[in-house]
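Numbering (numbering that gives the first Met the number 0), first residue to last: 0 to 252.
The C-beta atom is built at its ideal place from N, Cα and C for all residues, glycine as well.
To keep things clear, I will list the structure first and then write my remarks on it.
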Amino acid sequence: MLHRDLSNPDHQTNLHLHYHLPYPSGETTNARSLFALAPTAPALFTPRDPSVHKPLTPQQVLSRRLHWVTLGGQYDWTARVYPARPPPAFPADLARFLGALFPATDAQAAIVNLYTPGDTMMMHRDVSELTDKGLVSLSFGCDGLFMIAPNKVATATATTTTTTTTTTTMDEGKAAAAADDEKDYLLLRLRSGDAIYMTQESRCAWHGVPKIVPDTCPEYLENWPAQEDGQFSAWEGWMKTKRINLNVRQMQD
């Protein structure tokens, strides 16, 4: 996925708005991978506006500056909608794999989040889709803490702006949750290979990632993408400090 789909220019990243991305050419997926670029290569990621942004090296991008890539439906993070134009095809092999595990959801769009210890994801709701089919989340690499909250409490705390209003509204939200014998939130530690399926009541729940736990990547993944034949050896150990989260959704029925 990171070799093939990250290197597909149809799949947008957080960098595309401000940078031109260098896409390696070649006959194989590995040859076209961004990991085929040497970490210490010159600043190949050139800014669209040099007066605002500086060029970046592959090391800077793949180690810290690359935060997400979208697959299939290309969500517009500014307008908070899916564009009306036909989206790129969702990777067929991923769709088959996900369909076997979660047949109730048709994989039409996904965001691949790349976390490093110190990164977080603010509490939010996924409500732009025109269907209530469940959300699929798969994680690899370092452990991450995942928080999910009932809509009553999270909505109350997330929409307040002043100190006085926050105190009052949080109390009201907590009282409502207590009346229903519900917890304010659920905190889960997700390990490499764990999956979450958010459906029914949890489909539109507030959720986020407050912490990535360092030094928790499984040993067998630590050296990825380096291979035994020496390919990508310059990137050996890259995965040791990463958590990769594949978050998949169906856009419409």
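A buried status is given to K241, since no fewer than 16 other beta-carbon atoms sit within 10 Å of its beta-carbon.
By the neighbour-count definition (other C-beta atoms within 10 Å, threshold 16), H17 is an exposed residue. Annotation: P46 to L187 spans about 39 Å, alpha carbon to alpha carbon.
Counting the other Cβ atoms within 10 Å of the Cβ of R95 gives fewer than 16, which makes it exposed. Spatial neighbours of A42 in its own chain (CB-CB distance under 7 Å, excluding positions within 5 residues in sequence) are listed in chain order as P54, L55 and T56.
For R31, the enclosing alpha helix (DSSP H) has its first and last residue at T28 to R31. Contact between the region 18 to 37 and the region 73 to 89 is absent: fewer than three C-beta pairs spanning the two stretches fall below 8 Å.
The beta-carbon separation of M120 and G192, rounded to 19 Å, does not stay under the 8 Å limit for a contact. Rounded to whole angstroms, the separation of the alpha carbons of L189 and P116 is 14 Å. For the pair of segments examined, the region 4 to 13 was found to touch the region 64 to 78: the number of CB pairs separated by less than 8 Å reaches three. The DSSP-derived three-state label of V135 is strand. Under the three-state reduction of DSSP output, D75 falls in the strand class. Residue environment: H10 is assigned as buried (16 or more neighbouring CB atoms within 10 Å of its CB, all protein chains considered).
In this structure, DSSP gives V126 a state outside helix and strand, which the three-state scheme calls coil.
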